[in-house]
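Participant:
Residue numbers (this note's numbering): 184 to 333.
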């Protein structure tokens, strides 16, 4: 007797995309922290580099797992898909960096941290980036599912 709940392929794909995105967001935040806190890099430059690294990371995971039914298997298909996802996610970079900049500049990210006892120098940037990742997530999903793996 099976207790598994049947899910539609679209719902399954959305859940997998979310899990890949959550994993990549964690990687992106760790990279951003390394670049800004340990490397002394400007937070917008650090965010840009961290975003690009996680674009590549997410493509590999999404191609293998999230969009496994329509994954790119040939070298040409894989490279075309990588180019497409870079275009899709590349268009989200200015949105994400803009949101991050506004949250840090206006102090909105800092106000989200008011109840946190210990705040290091990069916490405001990390919170702002986490919010920006969330805001741009649905945009990236809609374009990736409609164009990159369609």
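Even glycine gets a Cβ: it sits at the ideal position worked out from N, Cα and C.
1) If I measure Cβ to Cβ from residue 253 and keep anything under 8 Å in the same chain, skipping five residues before and after, which residues do I get?
2) How is residue 254 classed by DSSP in three states: helix, strand or coil?
3) CB residue 207 to CB residue 249, shorter than 8 Å?
4) For the stretch 193-208 against the stretch 237-247, do three or more pairs of beta-carbon atoms, one drawn from each stretch, fall closer than 8 Å, so that the two count as touching?
5) By how many angstroms is the C-alpha of residue 267 removed from the C-alpha of residue 330?
6) For residue 203, which residues from the same chain have a beta carbon less than 8 Å from its beta carbon, with the 5 sequence-adjacent residues on both sides left out?
7) Alpha carbon to alpha carbon, what distance is there between residue 200 and residue 317?
8) Work out the CA separation of residue 272 and residue 323 for me, nearest whole Å.
9) Is it true that the stretch 222-231 meets the stretch 273-293, where meeting means three or more beta-carbon pairs spaced less than 8 Å apart?
10) Can the beta-carbon of residue 308 be found closer than 8 Å to that of residue 287?
11) Which ranges would you report for the alpha helix (DSSP H) in the stretch 199-281 if only whole runs of at least 4 residues count?
12) Expressed to the nearest angstrom, what Euclidean distance is found between the alpha-carbon atoms of residue 284 and residue 311?
13) Where do the N-terminal and C-terminal ends of the alpha helix (DSSP H) with residue 320 fall, by residue?
Facilitator: The short version:
1) As a position in the chain shown, residue 253 is number 70, starting the count at 1. Excluding residues within five positions, the ones whose Cβ falls inside 8 Å are 332, 333.
2) Locating residue 254 in the chain shown gives position 71, where the first residue counts as 1. Coil at residue 254, not helix or strand.
3) Position 24 of the chain shown, counted from the first residue, corresponds to residue 207. Position 66 of the chain shown, counted from the first residue, corresponds to residue 249. Cβ distance not < 8 Å, so residue 207 and residue 249 don't count as in contact.
4) yes
5) Within the chain shown, the letter at position 147 stands for residue 330. Within the chain shown, the letter at position 84 stands for residue 267. Looking at the two C-alpha atoms, the distance is approximately 7 Å.
6) Your numbering for residue 203 matches position 20 in the chain shown. So the qualifying residues of the chain are 241, 244, 245, 248, 249.
7) Here the question's residue 317 lines up with position 134 in the chain shown. Here the question's residue 200 lines up with position 17 in the chain shown. Cα to Cα, the separation comes out at about 13 Å.
8) Taking the first residue of the chain shown as 1, we reach residue 323 at position 140. Taking the first residue of the chain shown as 1, we reach residue 272 at position 89. Their Cα atoms are separated by approximately 6 Å.
9) The answer is yes - the stretch 273-293 touches the stretch 222-231, with three or more Cβ pairs under 8 Å.
10) Here residue 308 refers to the residue found at position 125 of the chain shown. Here residue 287 refers to the residue found at position 104 of the chain shown. Going by C-beta atoms, residue 308 is nearer than 8 Å to residue 287.
11) With a minimum length of 4 residues, the continuous alpha helix (DSSP H) runs that stay inside the stretch 199-281 are 226-244.
12) Your numbering for residue 284 matches position 101 in the chain shown. Your numbering for residue 311 matches position 128 in the chain shown. Each residue's Cα considered, the two are about 8 Å apart.
13) One-based indexing of the chain shown puts residue 320 at position 137. Start and end: 306-326.
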